[in-house]
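Single-structure report; data block below.
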Amino acid sequence: MSARRREGAPGARSDAARPADPWRDARAILCVRLDNLGDVLMTTPALRALRRSARGRRITLLASRAGAALAPYVPEVDEVVAYDAPWVKNAADDPAGDRRMIEALRQRNFDAAVIFTVYSQSPLPAAMMCRLAGIPRVLAHAHENPYRLLSHWVRDPEPGQYVRHEVQRQLDLVATVGAACTDTRLSFATQDADRRSLGAILAAYGLGGGQGWIVAHCGASAPSRRYNPALYARAISLLHGCGLKILLTGGPGERALTAGILAQCTVRSHVIDLAGRLTLGELACLIEDARLLISNNTGPAHIAAAVGTPLVDLYALTNPQHQPWQVPHRLLYHDVPCRNCYSSVCREGTHACLEGVDPRRVVAAAHELLAWRAGVSPRPLVA
């Protein structure tokens with residue numbers, strides 16, 4: 000479904016007035032995505048569409064340091080520039096660095112820029128940066144009239160008219176300037192070097208030689224999206240009977256979380272804690288080679304979608320836009336009146352949308368997906 004168009008906005012060219020392919024001659028394109036790693040992954044189909052829609056295009060991604068970590072793994076991007084923008088949460092206050100970034104962008108002589116945002120984010124600070132960098136064409140969704148900050152304004156229909164998956168939102172955006180492709184999968188190209196180094200790590204635990212495993216990623220950046228560690232421990236203990244090792248993953252700051260979960264497991268012989276021990280590339284290889292990922296709604300869930308690994312997604316009902324994309328999955332939650340709260344911290348203080356997910360449901364969903372992968376179940380499970 001496409002957004003309702005607003006024509007005749009002062010200073011911003013309306014969608015209806017544009018030619019079918021207004022960016023045909025744009026070769027150097029800056030793509031701005033300044034939030035998290037998972038958000039960048041969900042933008043990769045749109046990046047692919049931009050790249051493939053004209054010969055000789057060069058795509059530069061301006062991303063947060065978290066998003067820029069994807070640089071070696073997204074072949075649709077020629078260059079990644081890391082920038083923690085001052086209008087993004089927890090960024091440092093560095094006005095001189097902001098001026099240096101504007102000058103660095105100016106020197107690259109971009110033909111156009113696309114600013115990718117969720118509907119609750121304003122594109123206008125990034126649009127001002129693009130204007131100061133001398134970029135002549137700038138495309139973004141915006142609720143408010145951007146006047147001359149955006150040459151190509153797509154009036155944002157979310158959330159008032161409808162809500163789309165984040166991937167579809169960004170595909171719809173670039174389609175307004177003639178960019179489209181049939182391959183809409185998420186992109187993450189795992190590397191042989193990462194798989195070799197991962198192999199050495201796993202060998203120390205006696206894993207390798209075609210052994211299967213399940214990855215359980217227990218953390219998330221937002222507290223509202225974290226399944227209760229005690230419930231996670233119960234689910235992991237119950238999975239002992241599946242005959243597969245359970246590998247716990249997490250960042251360096253999540254070691255205490257996974258250690259606490261492991262300590263609460265009533266059966267531990269099948270559990271290995273790898274939190275803080277893997278690079279991003281090694282984590283992606285681990286997920287790609289896994290039979291299954293069990294995860295909160297966070298970056299590794301989108302990595303699983305990119306590499307095609309079935310997923311049990313413990314999905315807090317904070318928003319509907321980030322569900323697994325084009326991968327067999329089970330979405331587990333407990334329905335609540337406060338769904339779609341868009342909050343990083345549960346406003347009710349109960350986490351009912353996840354607390355209500357019985358660990359036995361996690362185990363049942365895991366067995367269903369494992370059966371499908373083994374060819375026992377007739378079809379992928381996607382709901």
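When you line the sequence shown up against numbering that gives the first Met the number 0, it's residues 0 to 382, in that order. In this text, a Cβ means the ideal position worked out from N, Cα and C, and glycines have one as well. It should be emphasised that the depicted structure is a prediction, and the values quoted were computed from it without experimental measurement.
Following the continuous beta strand (DSSP E) through residue i, name the residue where it begins and the one where it ends.
i           : result
residue 271 : 270-272
residue 212 : 212-216
residue 57  : 57-62
residue 361 : First-last for residue 361: 358-372, but that is the alpha helix (DSSP H), not the beta strand (DSSP E).
residue 78  : 78-81
residue 306 : Segment 298-306 is the alpha helix (DSSP H) holding residue 306; no beta strand (DSSP E) there.
residue 69  : Premise fails: residue 69 is in no beta strand (DSSP E) and is neither H nor E.
In chain order, what residues of the same chain have a beta carbon less than 7 Å from the beta carbon of residue i, not counting five sequence neighbours either side?
i           : result
residue 225 : 218, 219 and 295
residue 270 : 235, 245, 247, 261 and 264
residue 276 : 200
residue 77  : 57, 58 and 59
residue 36  : 65, 66, 68, 69 and 298
residue 162 : 319 and 320
residue 340 : 317 and 346
residue 94  : none
residue 90  : 83 and 84
Counting only the same chain and skipping the five closest in sequence on each side, list residues whose C-beta sits under 6 Å from that of residue i.
i           : result
residue 137 : 112, 126, 129, 149 and 150
residue 383 : Only positions 0 to 382 of the chain appear in the structure, and residue 383 is not among them; the question remains open.
residue 166 : 41, 44 and 324
residue 210 : none
residue 179 : 48
residue 293 : 215 and 311
residue 87  : 33
residue 314 : 296, 330 and 332
residue 349 : none
residue 204 : 271
residue 259 : 228
residue 373 : none
residue 212 : 243, 244, 246 and 289
residue 21  : 176
residue 55  : 26
What whole-angstrom Cβ distance do residue i and residue j have, given they're in contact under 8 Å?
i           : j           : result
residue 257 : residue 274 : 4 Å
residue 300 : residue 288 : Residue 300 to residue 288, Cβ: 17 Å. No contact.
residue 26  : residue 110 : 6 Å
residue 39  : residue 114 : At roughly 13 Å, the Cβ-Cβ gap does not stay under 8 Å, so residue 39 and residue 114 are not in contact.
residue 305 : residue 186 : 6 Å
residue 342 : residue 268 : With a Cβ gap of about 38 Å, residue 342 and residue 268 do not count as contacting.
residue 122 : residue 139 : 4 Å
residue 316 : residue 335 : 6 Å
residue 365 : residue 238 : 6 Å
Which two residues bound the contiguous alpha helix (DSSP H) that contains residue i?
i           : result
residue 31  : Where residue 31 is concerned, there is no enclosing alpha helix (DSSP H), although the beta strand (DSSP E) it sits in stretches over 27-32.
residue 152 : Run containing residue 152: none in the alpha helix (DSSP H); it sits in the beta strand (DSSP E), 151-154.
residue 287 : 279-287
residue 193 : 191-202
residue 36  : 36-51
residue 312 : From DSSP, residue 312 is part of no alpha helix (DSSP H) but of the beta strand (DSSP E) over 310-313.
residue 170 : 165-174
residue 291 : Looking at the DSSP string, residue 291 is not in any alpha helix (DSSP H); the run it does join, the beta strand (DSSP E), is 291-295.
residue 353 : 351-354
Looking only at its chain, what residues have a beta carbon closer than 8 Å to the beta carbon of residue i, apart from the 5 residues adjacent to it on each side?
i           : result
residue 159 : none
residue 120 : 34
residue 240 : none
residue 193 : 278, 280, 281, 283 and 284
residue 101 : 128, 131 and 132
residue 12  : Interpretation of residue 12 is limited by its pLDDT of 47, a score under 50 that renders its predicted location unreliable; no figure is taken from the coordinates.
residue 92  : 85
residue 354 : 227, 230 and 333
residue 189 : 72, 280, 283, 284, 287 and 306
residue 17  : Unreliable placement is indicated for residue 17, whose pLDDT of 48 sits below 50; the coordinate value is still reported in the next sentence. Contacts found: 151, 175 and 176.
When you measure from the CB of residue i to every non-hydrogen atom of the ligand GDP, does any distance come out below 7 Å?
i           : result
residue 108 : With respect to the ligand GDP, the structure shown offers nothing to examine, as it has no ligands at all.
Exercise. Would you call the region 46-53 and the region 163-182 touching, i.e. three or more CB-CB distances under 8 Å?
Worked result: yes
Exercise. Quick one: any contact between the region 358-372 and the region 230-245, if contact means 3 or more CB pairs under 8 Å?
Worked result: With the cut-off at 8 Å, the region 358-372 and the region 230-245 touch.
For this session: Kindly confirm or deny that the region 195-207 and the region 51-61 touch, where touching means at least three C-beta pairs closer than 8 Å.
Result: no
For this session: Please list the segments of the beta strand (DSSP E) lying wholly inside the region 100-163, counting only runs of 3 or more residues, in order along the chain.
Result: Runs of the beta strand (DSSP E) lying entirely within the region 100-163 and spanning at least 3 residues, in chain order: 111-114, 136-141 and 151-154.
Exercise. For the region 60-78 against the region 149-165, are there 3 or more C-beta pairs whose distance is under 8 Å?
Worked result: Result no; under three Cβ-Cβ pairs closer than 8 Å.
Exercise. In the region 221-270, which residue ranges form an unbroken beta strand (DSSP E) of at least 3 residues, counting only runs that do not cross its ends?
Worked result: Correct list: 244-248.
Exercise. Which full runs of the beta strand (DSSP E) of 3+ residues lie inside the region 316-349, going along the chain?
Worked result: 328-331
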